[in-house]
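**Student:** Going down the list, the protein sequences come from chains W and E. By numbering that gives the first Met the number 0, the letter at position 15 of the first sequence is numbered 14, and the numbering carries on one by one without gaps. By numbering that gives the first Met the number 0, the letter at position 152 of the second sequence is numbered 151, and the numbering carries on one by one without gaps.
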Amino acid sequence: MRIDCQHVWEYISAYIDGEVEAELRAEIDRHLETCEICCAVLDSTRNVVVLLADDRVFELPTGFTERLHARLDQELALKE
Amino acid sequence: MTPKTSNPEQDAALIGRILAGEKHLFHELILPCERSIYFLLFSLLRNEAEAEDAAQETAIKVYRNLHLFRGDSQFRTWVLSIARNEGLGRLRKAETRREDSLDALMDSEAGDFTPAVLTSWREVPVEALERGELGALLRKAIEGLPEIYRNVVLLRDIEEMDVRETAAALGIAEGAVKVRLHRARALLQRELAPKLKGFTPRRGKLFGWAK
């Protein structure tokens, strides 16, 4: 079975998460060896995933934790 | 840095002590969930102040209902379902969005999921990341995603929850999580790749970072 670019793109996400079956994975790997475009799509998608997980990209608002715990202190001080 | 995952045994022990009277330990219990609560609510409400207020309400509801937690899911999953209800309740009240517009979008084939075919952005531009410019671009791209994709990418890729936990927190099937995550990533790649190619890293290739 030879797979085309369109086919590879359908599995990019599952491929990154390691959820592609061995046989298909081997096919995709073979395709990637010779396809510069799919390699670039894979790399850039993977980079998006790497960036999203970086805590510097998504930070809580300044003082969020302090305000949350101050509000919880009020709640915790209430009698049951 | 706050850990992104919590330990079920530790959570169970803490909950037991809190319910037995050591109320102050609730601060410690909720701390690892704070980011996920806030970002889930921000993804629903799209407003920082509103998301923060809803996050505080969520934490209080979690505290008041702690005796109802049965331990048949992870603590954070349970917390996030409370956060989701809080967020959806606010949306309904504000009527900022018609509910049927969400259903109409539900896993339809609408949208172009073809990737941006660029060979020039292959590396993570670390310096732009450190300057915060990249963060702004990414946040904007996430905000531009349709709701059903935004929630999934937020929990899976930003908070690094697994498929099962994400499905449970959002009340959807695991298959739907995978399909939506794939589409969300494709939309983000398409949106971001042309913009990010402008950031050329000065240091060597950092592709080795990827898991």
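Don't be surprised by glycine CBs; every beta carbon is placed ideally from N, CA and C. Being a predicted model, the structure only gives us computed values, none of them experimental.
#1: Can you tell me whether residue 56 of chain W is helix, strand or coil according to DSSP?
#2: With a cut-off of 8 Å on the beta carbons, I'd call residue 78 of chain E and residue 17 of chain E a contact; round off their distance for me.
#3: Using a C-beta to C-beta distance shorter than 9 Å, which residues of chain W count as neighbours of residue 38 of chain E?
#4: So residue 44 of chain E and residue 82 of chain E are in contact, right, with Cβ under 8 Å, and what is the actual spacing, rounded?
#5: For residue 12 of chain E, which residues in chain W fall below 9 Å Cβ to Cβ?
#6: What is the rounded straight-line gap between the Cα of residue 232 of chain E and the Cα of residue 173 of chain E?
#7: Any beta carbon from chain W within less than 7 Å of residue 31 of chain E's own beta carbon?
#8: Counting only Cβ pairs nearer than 7 Å, list the residues of chain E close to residue 74 of chain W.
#9: State yes or no: is the beta carbon of residue 97 of chain W nearer than 7 Å to at least one beta carbon in chain E?
#10: Which residues mark the beginning and the end of the alpha helix (DSSP H) in which residue 150 of chain E is found?
#11: Strictly under 7 Å for the Cβ-Cβ distance: is residue 159 of chain E near chain W by that measure?
#12: Got a sec: is the Cβ-Cβ distance from residue 51 of chain W to anything in chain E below 7 Å?
#13: Against chain E, with Cβ distances strictly below 7 Å, would residue 48 of chain W count as a contact?
#14: How far does the alpha helix (DSSP H) with residue 19 of chain W in it extend, from its first residue to its last?
#15: Looking at the structure shown, is residue 134 of chain E part of a helix, part of a strand, or coil, going by DSSP?
#16: If you measure from the beta carbon of residue 91 of chain E to each beta carbon in chain W, is any gap under 7 Å?
#17: Taking 7 Å as the CB-CB cut-off, is residue 33 of chain W touching chain E?
#18: I believe residue 166 of chain E touches residue 176 of chain E by the beta-carbon criterion, under 8 Å. Please report the beta-carbon distance rounded to the nearest angstrom.
#19: Excluding five sequence neighbours on each side, which residues of the same chain lie with their C-beta closer than 7 Å to the C-beta of residue 158 of chain E?
#20: Answer with buried or exposed for residue 188 of chain E, where buried requires no fewer than 16 other C-beta atoms within 10 angstroms of its C-beta.
#21: Between residue 139 of chain E and chain W, is any beta-carbon pair separated by less than 7 Å?
#22: Closer than 8 Å by beta-carbon distance: list the chain E residues that pair up with residue 25 of chain W, in chain order.
#23: Note down the Cα distance separating residue 182 of chain E from residue 145 of chain E, rounded to an integer number of angstroms.
#24: Over the uninterrupted alpha helix (DSSP H) stretch that includes residue 84 of chain E, give me the two end residues.
#25: When the Cα of residue 75 of chain E is compared with those of E/10, E/52, E/170, which residue comes out closest?
#26: At 7 Å on the CB atoms, spell out the chain W contacts of residue 47 of chain E, in chain order.
**Tutor:** Result, derived from the coordinates:
#1: To locate residue 56 of chain W, count along the first sequence from 1; it is residue 57. Residue state, collapsed to three classes: coil.
#2: Stepping through the second sequence from its first residue, residue 78 of chain E is reached at position 79. Stepping through the second sequence from its first residue, residue 17 of chain E is reached at position 18. Contact doesn't hold; Cβ gap of about 14 Å is too wide.
#3: The sequence position of residue 38 of chain E within the second sequence is 39, counting from 1. Going along chain W in sequence order, the residues near residue 38 of chain E (Cβ under 9 Å) are 57, 59.
#4: Position 45 of the second sequence, counting from 1, holds the residue named residue 44 of chain E. Position 83 of the second sequence, counting from 1, holds the residue named residue 82 of chain E. About 11 Å separates the two Cβ atoms, so there is no contact after all.
#5: Position 13 of the second sequence, counted from the start, is the residue given in the question as residue 12 of chain E. By Cβ distance, chain W contributes nothing, its closest Cβ being about 19 Å from residue 12 of chain E, past 9 Å.
#6: No answer is possible for residue 232 of chain E: the residues shown for chain E start at 0 and end at 210.
#7: As a working mapping, residue 31 of chain E is identified with position 32 in the second sequence. Closer than 7 Å: no.
#8: In the first sequence, the residue the question calls residue 74 of chain W occupies position 75. Chain-ordered, the chain E residues with CB closer than 7 Å to the CB of residue 74 of chain W read 59, 62.
#9: Chain W is shown only over 0 to 79; residue 97 of chain W falls outside these bounds and no answer can be derived.
#10: For the purposes of this step, residue 150 of chain E is taken as residue 151 along the second sequence, with counting starting at 1. Residues 146–152.
#11: In the second sequence, residue 159 of chain E corresponds to position 160, counting from 1. Contacts with chain W at 7 Å (Cβ-Cβ) include residue 159 of chain E.
#12: Stepping through the first sequence from its first residue, residue 51 of chain W is reached at position 52. Judged by the 7 Å Cβ criterion, residue 51 of chain W is in contact with chain E.
#13: Here residue 48 of chain W refers to the residue found at position 49 when the first sequence is read from its first residue. Yes, contact with chain E.
#14: One-based indexing of the first sequence puts residue 19 of chain W at position 20. No alpha helix (DSSP H) contains residue 19 of chain W, which DSSP labels as neither H nor E.
#15: As a working note, residue 134 of chain E is residue 135 in the second sequence. Helix.
#16: Counting from one through the second sequence, the residue named residue 91 of chain E turns up at place 92. False, the Cβ-Cβ gap to chain W never drops below 7 Å.
#17: Locating residue 33 of chain W in the first sequence gives position 34, where the first residue counts as 1. Not one beta carbon of chain E lies nearer than 7 Å to the beta carbon of residue 33 of chain W.
#18: As a first step, residue 166 of chain E must be located in the second sequence, where it is residue number 167. As a first step, residue 176 of chain E must be located in the second sequence, where it is residue number 177. With a contact defined as Cβ atoms closer than 8 Å, residue 166 of chain E and residue 176 of chain E qualify at about 5 Å.
#19: Taking the second sequence and counting its residues from 1, the one referred to as residue 158 of chain E is at position 159. Correct list, in chain order: 3, 34, 35, 38.
#20: Locating residue 188 of chain E in the second sequence gives position 189, where the first residue counts as 1. Burial call: buried.
#21: Numbered from its first residue, the second sequence carries residue 139 of chain E at position 140. Residue 139 of chain E does not count as touching chain W.
#22: Taking the first sequence and counting its residues from 1, one reaches residue 25 of chain W at position 26. The premise fails here: residue 25 of chain W is roughly 20 Å from chain E at the closest Cβ pair, so nothing lies under 8 Å.
#23: Start at 1 with the first residue of the second sequence, and residue 182 of chain E comes out as number 183. Start at 1 with the first residue of the second sequence, and residue 145 of chain E comes out as number 146. C-alpha separation (whole angstroms): 10 Å.
#24: Sequence index remark: in the second sequence, residue 84 of chain E carries index 85 (1-based). Per DSSP, residue 84 of chain E belongs to the alpha helix (DSSP H) from 74–93.
#25: The residue labelled residue 75 of chain E in the question sits at position 76 within the second sequence. Answer by Cα proximity: E/10.
#26: Looking up residue 47 of chain E in the second sequence gives position 48. Near residue 47 of chain E (Cβ distances below 7 Å), the residues of chain W are 60.
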